[in-house]
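End of the sequence shown sits at 1188 in my numbering; the numbers just go up one at a time, nothing left out.
We put the CB at the ideal spot given by N, CA and C, even for glycine.
Presented below is the structure to which this report refers.
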Amino acid sequence: MTRGETTRRFAKSLTEHAETHAEAPDLDMSSGYHGVDRDRRRAAGYALYASLGISKEDRDARVAQRLKNFDFFGAPHVAIVTTDREQGAYGAIDCGGYVTNLLLAAQSLGVATIPQAAVPCTPVTSASTWVSRTTAWSSALFRSGTRTQGIR
């Protein structure tokens, strides 16, 4: 769990790295979306950007919005849950279960949280000073804000 200046330094480091490096997920990602799944994914993406006033033709604005993932959208705290790479998919599943409970516990206390998948798609070496290279990231990063009326 990070807070304050540690969160800001971590966010700055990840953002700078994400600006100059291609995604390299720690786990195998979907080989592609087809048919209705592709259509729904695109529609959801376009709707998200439209809600932010970003047209699908505005690549620069889309990239800038994507980079906000690595700044944790300004959240004051970040928890990173990892598993040993040797645990493979089972470790990631365990992390998912843990994160689910952590998010529910935070929500019960009125703290808005959300898991993020963008950070685990950043090459692990970018966070080598933060997380050991023998550790695999899970899709288990969450951000928390102050007590809010909803997730921000």
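- Gln1143 counts as exposed, since fewer than 16 other C-beta atoms from the protein chains shown sit within 10 angstroms of its C-beta.
- Residue pairing of Arg1039 in beta bridges, as defined by DSSP: His1113.
- Per DSSP, reduced to three states, the secondary structure at Asp1120 is strand.
- Around the beta carbon of Ile1116, 16 or more other beta carbons lie within 10 angstroms, which makes this residue buried.
- Contact check between the stretch 1127-1145 and the stretch 1040-1048: fewer than three CB pairs, one atom from each, fall below 8 Å, which does not count as touching.
- Between the alpha carbons of Glu1055 and Met1065 lies a distance of about 21 Å.
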